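Participant: Chains as they are written, first to last, in this note's numbering: chain R, 1 to 315; chain D, 1001 to 1315; chain W, 2001 to 2272; chain L, 3001 to 3272. Where a beta carbon is used, it is the ideal one built from N, C-alpha and C, also for glycine. For clarity, every value in this text was computed on a predicted model and none was experimentally measured. Can you keep this structure in mind? I'll have questions shortly.
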Amino acid sequence: MKAKTFPQMAVQLGKLSLKNPVMTASGTFGYGEEYADYVDLNRLGAIVVKGLSLQPRLGNPPPRIMETAGGMLNAIGLQNIGVDAFIEEKLPYLRQYDVAVIANIYGESYAEYQKVAKKLSAVKGVHALEVNVSCPNVKKGGLSFGTDPKVAAMVTRKVKEETDLPVIIKLTPNVTDIAAVAAAVEKAGADALSLINTLTGMSVDLKSRKPHLKNITGGLSGPAIKPVALRMVWQVVKRVAIPVIGIGGIVNAVDALEFLMVGAKAVQVGTANFINPYATTDILEGMQNYLQDNNIKDINKLIGTFNAGGSSCSG
Amino acid sequence: MKAKTFPQMAVQLGKLSLKNPVMTASGTFGYGEEYADYVDLNRLGAIVVKGLSLQPRLGNPPPRIMETAGGMLNAIGLQNIGVDAFIEEKLPYLRQYDVAVIANIYGESYAEYQKVAKKLSAVKGVHALEVNVSCPNVKKGGLSFGTDPKVAAMVTRKVKEETDLPVIIKLTPNVTDIAAVAAAVEKAGADALSLINTLTGMSVDLKSRKPHLKNITGGLSGPAIKPVALRMVWQVVKRVAIPVIGIGGIVNAVDALEFLMVGAKAVQVGTANFINPYATTDILEGMQNYLQDNNIKDINKLIGTFNAGGSSCSG
Amino acid sequence: MAKNIFIGEILRNEEIRPNYFLMKVQLPDSFDEPRPGQFVMIRIAGLSEPFLGRPISIYSYSLRKSFVEIEFLYRIAGKGTQILAGLIKSSQVEVHGPLGGSYEVFPEKENIVFIAGGIGVAPLSLLAQYLCKNVCLVPSRMNFYLGAQTAKEIVGLDKLTRLCYNIQICTDDGSQGRKSLVTQAFAEDIKKYDPANTAVYACGPKGMMKALAGILGKGKFACQVSLEERMACGTGACMGCAVAVKDKQGDVAYKRVCSDGPVFNLADVIWE
Amino acid sequence: MAKNIFIGEILRNEEIRPNYFLMKVQLPDSFDEPRPGQFVMIRIAGLSEPFLGRPISIYSYSLRKSFVEIEFLYRIAGKGTQILAGLIKSSQVEVHGPLGGSYEVFPEKENIVFIAGGIGVAPLSLLAQYLCKNVCLVPSRMNFYLGAQTAKEIVGLDKLTRLCYNIQICTDDGSQGRKSLVTQAFAEDIKKYDPANTAVYACGPKGMMKALAGILGKGKFACQVSLEERMACGTGACMGCAVAVKDKQGDVAYKRVCSDGPVFNLADVIWE
Ligand SMILES: Cc1cc2nc3c(=O)[nH]c(=O)nc-3n(C[C@H](O)[C@H](O)[C@H](O)COP(=O)(O)OP(=O)(O)OC[C@H]3O[C@@H](n4cnc5c(N)ncnc54)[C@H](O)[C@@H]3O)c2cc1C
Ligand SMILES: Cc1cc2nc3c(=O)[nH]c(=O)nc-3n(C[C@H](O)[C@H](O)[C@H](O)COP(=O)(O)OP(=O)(O)OC[C@H]3O[C@@H](n4cnc5c(N)ncnc54)[C@H](O)[C@@H]3O)c2cc1C
Ligand SMILES: Cc1cc2nc3c(=O)[nH]c(=O)nc-3n(C[C@H](O)[C@H](O)[C@H](O)COP(=O)(O)O)c2cc1C
Ligand SMILES: Cc1cc2nc3c(=O)[nH]c(=O)nc-3n(C[C@H](O)[C@H](O)[C@H](O)COP(=O)(O)O)c2cc1C
Ligand code: FES
Ligand code: FES
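Here it is in structure tokens:
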């Protein structure tokens, strides 16, 4: 590979500069170190860490996961060590790397969101906040924040008050009109959007007549949801001016490039990490190869090039 | 198989008596005759025919379908011969069979829904109406009727005014709170509910930078959506007293029994017909075998036996 | 009840040209003798990927003592055909068919003209085989125009040379046969054929068939074409495989490739 | 960077008892020597179903000249293991591992007691193998209690008889060995063992381990158990494989079977 033909991979999400558009999805990459044996973290566009709450969270009782057709359900219940322990125990490790660290945050009240945001903004090594207004697994808060445009906008405003970091709002797909939520959140000052979080689903065991997940319902992720994710990204991109990060069922470079083509400025890789711990860098390499093969010198040249006008009749 | 141990399969959906709970899903079984070479139509619980509109509809330009992980997208655009041609050309054929025929209807205005309902109620051989308030493929009407509880309730009331047939409202999953729509529709007089219709999704071709479907978005169906369908059926069953018909990703007897266990009184088999034209009767036989093996004498004994209390910790 | 879904065993699955495969499958002898133009939906037995069957034309059919052998000629176009290409001998495939309608034959016509582009040779080859078997003295009356981009994409010739006396090969780059479009080669010969006494059959990429429609003009030649479209059910139920054709009134109608086709009158097809 | 995902070739995959399979896989010699208790995540190479890997204990390990052979002993529990069981010789599997922690060994302890229920024999068998290889005179100090519902579910005995002198077999119905629960058989022997000088290792169904916890009482015996839970990542990232254990303060904490375990102190495990 000659340096000359090496495609330009850097993307700019508002104030946030990324080496390349490949990020990890929150909750699927631990705090980074879990995958450091597999992936050179320096090569990633950004690491989005597991959702952080003000207090440590125990999470849901097991069983927490179940496989489904082309995907999986999870009801982890946001088990995490809490924002303070993250700052003390995990962040120093991540600071060793030259990679953007994005803290995914979660609260059960506006005040909690604010406190978590404030703490993370006071320390070095956090490059942006991703606000989870969409986790469907926790009874309180979670779902409701993200499903009502007004409430989602309020969370945005509240978090923005406490931080100078770029604020990414992560949207839930479990809504009638995701573009309306996106527009409300943009107006409230969000710097970027990421979507989609998981679709709420359920799986049951006929023999025992019980749910497979102790929590009964869980979040559906993986290739099964990709068509829904792609549709929502497209709808949102048409509606807002702020950068959008595409998430949902991305397992290879073509998937990632499709999201970029539709208009996402970056992507997050989630469930794919579980079946292939090298997924993120495999995808990055695949994207670079695609650009080279197609003589595209800058990834930004591909972003948003989707021609919805209709395909010429195939075959 | 001794007659003695043959399980009782009949189910009662309000006024509608079905031989067994296995129905076909609208749009996936043509007008019945397309599958008559494969399936003894007399053995089905009911045949739900392709959505009927007042005027014949041309449908969307091709391409109309695309495979996705564990499912498919379609944007048929409700191509159909119109209610009059159905009554004249297709219904006589179906009348030869001893099977409940359910007409799926679609309109672009309240008046259109009413006219189609009226015509179908005036003829012999239609046993119930299933009202599609959820088709996401048609720009006008479609999505909006089913996503707003008030509008969905109004469609219900309007259709009920024109018919004495049982009215089943078919709900869309592309909403924030499906149970709220279900409750509104029940209050408006619906005799039963069926869910889910397809999730709106999209698929794109990286090479041509165009959508795979000429219509750009389409409806996602098949095993990929089963977890979402099961969750929604469970949420709705808890909320309403009228019978619920479960639909979404059912490909085998276990899938069907899971929906019944969660509380559906019957199921519809859709996309599965495409990959196995014998799917409906295979599922029926599988259900019967299961009941026999587990010494359950009446299918109704299984319906709603789900114990959400939480599973005992597996393995 | 029809029983036209079978589990077949792969006897052979070879890459005969880069990206072009010939697959031979053994099926029970209850598999109906296909009429030329018919196809099957093929899936991998027991696998959920690809999810839907893929339509593939029947390229040849032979009834053996207690079983049937059919052949498919196919090209890797995407995921589904890629997976098919990876199957080894003895693997099992699910074969649903024969499906669809067939070419109408005119034994009385003097000239039979075939125009195939690339993999379009597959259904036309079965038609030629059928005519040889059922219509006497036909080989001398058959004219086969076979085109492809380069020599590498010329497939099916071995079988054809045993069936037709008159085969014209065309490649875009001249690497085999004439350097010309296959429609061009036919156009140059067109005066040899009396429209009233000629049956034209064509299968190939859209561009080729569209060009052919132009060449044949307004219905002087009767030309039947095989169309392709993505399919889900293959049986006429889903309306997924629609193509735009003129109905009797000349209005646009969407017909199903799987059950109204795959053979249509070229004059009826509406090109985008 | 770790390279612990390998494509392995199946050398053997046999049903040794109804629903119980022994699979032997050849892997590159860069596959690390597993410590007893470790497991792999196994998937079918190139297939998207099952979607997630399945955790399976390493049952045996042998380093050959230029490659490694590992064995798995597994039971058909559902869809994933059903698909595994259908794989024929020469099929390719994706093996991610070795993963997880291992049993702690106490070479100085006089008695080593193994208590296995059904397929739980797999990781304990590797442990016994390891001890024989690394700790001298161990066979005479090893006592293996192996239980199952009926003789049909007694697996792994051939290997064990080559490793341990003292094997007690129990079946619920007495069809092989003693008619008793395996925990019962151990309870009856318990006085033979000095708690301070005995290491107990157990693996089996939850009920068995729970019963064992009762029998062993409040920590007089040090007992390590292998736990099972559904997994997604196998590497500690997803928090999917949580089990409830007591933390240092005695409060409930959810630990990851894949990376905090799969081996836990029995005394710490909180049963539902
Ligand atoms: C009646 C009929 C007979 C056919 N006979 C043959 C044959 O004998 N040999 C052969 O090689 N091919 C044949 N085809 C085409 C074949 O079905 C497609 O190439 C195949 O379905 C592509 O599947 P895929 O998963 O590999 O590609 P995909 O990933 O699904 O698609 C790859 C590309 O092919 C296009 N495509 C997909 N499906 C079809 C389709 N059904 N028709 C046309 N284009 C499609 C897509 O739009 C895309 O551009 C036939 C098609 C029909 C309808
Ligand atoms: C560290 C570890 C080591 C294991 N070693 C072995 C082994 O050597 N041999 C062996 O046969 N099995 C072993 N198992 C169990 C094995 O992983 C499960 O039986 C398998 O994952 C079931 O998958 P399935 O798709 O066949 O069943 P599913 O359809 O997924 O489930 C069938 C039933 O098994 C339960 N189950 C599913 N996954 C697990 C799991 N990971 N642990 C416990 N129960 C589960 C389900 O709740 C359900 O009741 C081990 C599990 C772990 C965690
Ligand atoms: C096990 C698991 C845990 C997750 N935890 C979080 C979380 O803590 N915060 C969050 O915003 N999203 C969380 N998600 C959602 C993912 O970040 C992502 O939005 C979703 O999985 C869809 O992407 P995918 O299909 O690539 O997995 C989690 C997903 C999974 C599978
Ligand atoms: C090709 C196709 C056409 C459909 N047409 C209709 C329709 O006309 N009216 C309707 O209410 N639902 C229609 N549906 C939705 C199905 O009836 C069903 O609700 C959905 O496919 C989910 O079920 P499944 O996963 O079993 O396919 C259609 C679905 C498909 C795949
Ligand atoms: S493929 Fe379903 S109608 Fe043709
Ligand atoms: S399986 Fe993911 S943390 Fe254990």
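According to the neighbour-count rule (16 or more other Cβ atoms, all chains shown, within 10 Å of its Cβ), is ASP2260 (chain W) buried or exposed?
Facilitator: buried
Participant: Under a three-way DSSP split, which group does LYS1140 (chain D) fall into?
Facilitator: Because the pLDDT at LYS1140 (chain D) is just 44, under 50, the model does not fix this residue reliably, and the value given afterwards should be weighed accordingly. Reduced to three states, the DSSP call for LYS1140 (chain D) is coil.
Participant: Given a limit of 9 Å on CB to CB distance, which residues of the region 1062-1074 of chain D reach chain W?
Facilitator: Cβ contacts with chain W come from PRO1062, PRO1063, ARG1064, ILE1065, MET1066, GLU1067, THR1068, ALA1069, GLY1070, GLY1071, MET1072, ASN1074.
Participant: Return the residues of the region 2045-2076 of chain W that lie within a Cβ-Cβ distance of less than 9 Å from chain L, sorted by chain order.
Facilitator: From the region 2045-2076 of chain W, only GLY2046, LEU2047, SER2048, GLU2049 have a Cβ closer than 9 Å to chain L.
Participant: Use the C-beta contact count for PRO2107 (chain W): other C-beta atoms within 10 angstroms, 16 or more gives buried, fewer gives exposed.
Facilitator: exposed
Participant: Could you run through the region 259-275 of chain R and flag, in chain order, every residue whose CB is less than 9 Å away from some CB of chain L?
Facilitator: THR271, ASN273, PHE274, ILE275
Participant: Starting from the beta carbon of ILE2005 (chain W), find every residue of chain D whose beta carbon is closer than 9 Å, and list them in chain order.
Facilitator: TYR1038, ASN1276, PRO1277, TYR1278
Participant: Which same chain residues end up closer than 6 Å to PRO2262 (chain W) when comparing Cβ atoms and leaving out the 5 residues on each side of it in sequence?
Facilitator: GLY2100, SER2226, LEU2227
Participant: Quick check on this structure: which residue in L:MET3239, L:LYS3024, L:GLU3153 has the alpha carbon closest to the alpha carbon of GLY346 (chain R)?
Facilitator: Absent from the model: residue 346 (chain R). The displayed extent of chain R is 1 to 315, so no value can be given.
Participant: Might you give, ordered along the chain, the residues of its own chain that have their beta carbon closer than 6 Å to the beta carbon of LEU1091 (chain D), omitting 5 neighbours on each side?
Facilitator: GLY1125
Participant: Taking 6 Å as the limit between beta carbons, can you name the residues of its chain near LEU165 (chain R), skipping five residues before and five after?
Facilitator: SER121, ALA128, LEU129
Participant: Can you list the alpha helix (DSSP H) stretches of 4 or more residues lying completely in the region 2188-2256 of chain W, in chain order?
Facilitator: Correct list: 2206-2216.
Participant: Could you tell me whether any Cβ in chain W is nearer than 9 Å to the Cβ of GLN1114 (chain D)?
Facilitator: no
Participant: Which residues does DSSP list as the beta-bridge partners of ALA1192 (chain D)?
Facilitator: ALA1192 (chain D) pairs with D:ILE1168.
Participant: Might you give, ordered along the chain, the residues of its own chain that have their beta carbon closer than 8 Å to the beta carbon of THR1305 (chain D), omitting 5 neighbours on each side?
Facilitator: MET1261
Participant: Taking all protein chains shown into account, decide if PHE6 (chain R) is buried (16 or more other Cβ within 10 angstroms of its Cβ) or exposed.
Facilitator: exposed
Participant: Regarding THR1271 (chain D) and ligand 4, is the C-beta to nearest heavy atom distance less than 8 Å?
Facilitator: At least one heavy atom of ligand 4 is nearer than 8 Å to the Cβ of THR1271 (chain D), so yes.
Participant: Using a Cβ-Cβ cut-off of 9 Å, state whether GLY3086 (chain L) counts as contacting chain W.
Facilitator: yes
Participant: Report, in whole angstroms, the separation of the C-beta atoms of VAL2113 (chain W) and VAL2200 (chain W), which I expect to be a contact under 8 Å.
Facilitator: 5 Å
Participant: Below 8 Å on the Cβ atoms is my contact criterion, and I expect SER3090 (chain L) with ILE3010 (chain L) to pass it. Report the Cβ-Cβ distance as a whole number of Å.
Facilitator: Beta-carbon to beta-carbon, SER3090 (chain L) and ILE3010 (chain L) are separated by about 6 Å, close enough to satisfy the 8 Å threshold.
Participant: So is GLY3240 (chain L) in contact with chain R if we call contact Cβ pairs under 9 Å?
Facilitator: yes
Participant: Give me the Cβ distance between GLU2110 (chain W) and ASN2004 (chain W), rounded to the nearest whole Å; I'm assuming they're in contact under 8 Å.
Facilitator: With a Cβ gap of about 36 Å, GLU2110 (chain W) and ASN2004 (chain W) do not count as contacting.
Participant: Select from W:PHE2144, W:VAL2252, W:GLN2082 the residue whose C-alpha is nearest the C-alpha of ILE2190 (chain W).
Facilitator: W:PHE2144
Participant: Would you say the beta carbon of SER1950 (chain W) comes nearer than 8 Å to a heavy atom of ligand 1?
Facilitator: Look at the range of chain W in this structure, 2001 to 2272, and you will see that residue 1950 (chain W) is not part of it.
Participant: CYS3170 (chain L) bridges to which residues according to DSSP?
Facilitator: L:GLY3147, L:ARG3178
Participant: Is LYS1301 (chain D) helix, strand or coil when you go by DSSP?
Facilitator: helix
Participant: Should PRO3055 (chain L) and CYS3258 (chain L) be called a contact, given that it needs their Cβ atoms to be closer than 9 Å?
Facilitator: Pairing PRO3055 (chain L) with CYS3258 (chain L) gives a Cβ-Cβ distance under 9 Å.
Participant: How many angstroms separate the CA atom of ASN3019 (chain L) from the CA atom of GLU3153 (chain L)?
Facilitator: 9 Å
Participant: Could you check whether MET3231 (chain L) and MET3041 (chain L) sit closer than 9 Å to each other, using their CB atoms as the reference points?
Facilitator: yes
Participant: With a threshold of 9 Å between beta carbons, is ALA1085 (chain D) in contact with chain R?
Facilitator: At least 9 Å separates the CB of ALA1085 (chain D) from every CB of chain R.
Participant: Measure the alpha-carbon distance for GLN1114 (chain D) versus ARG1157 (chain D) and round it to whole angstroms.
Facilitator: 10 Å
Participant: Buried or exposed: where does ASN2013 (chain W) fall if 16 or more other Cβ atoms within 10 Å of its Cβ makes it buried?
Facilitator: buried
Participant: Of all the CB atoms in chain R, is at least one closer than 9 Å to the CB of GLU3033 (chain L)?
Facilitator: Answer no: the Cβ-Cβ gap between GLU3033 (chain L) and chain R never drops below 9 Å.
Participant: For ILE2007 (chain W), which option in W:ILE2070, W:LYS2065, W:ILE2016, W:SER2062 has the closest C-alpha, if you only look at C-alpha atoms?
Facilitator: W:ILE2070
Participant: Indicate whether GLY1957 (chain W) and LEU2052 (chain W) have their beta-carbon atoms separated by less than 9 Å.
Facilitator: Within the shown structure, residues of chain W are numbered from 2001 to 2272, placing residue 1957 (chain W) beyond reach of any answer.
Participant: Checking the sheet assignment: what are the DSSP bridge partners for HIS3096 (chain L)?
Facilitator: L:ILE3005, L:MET3041
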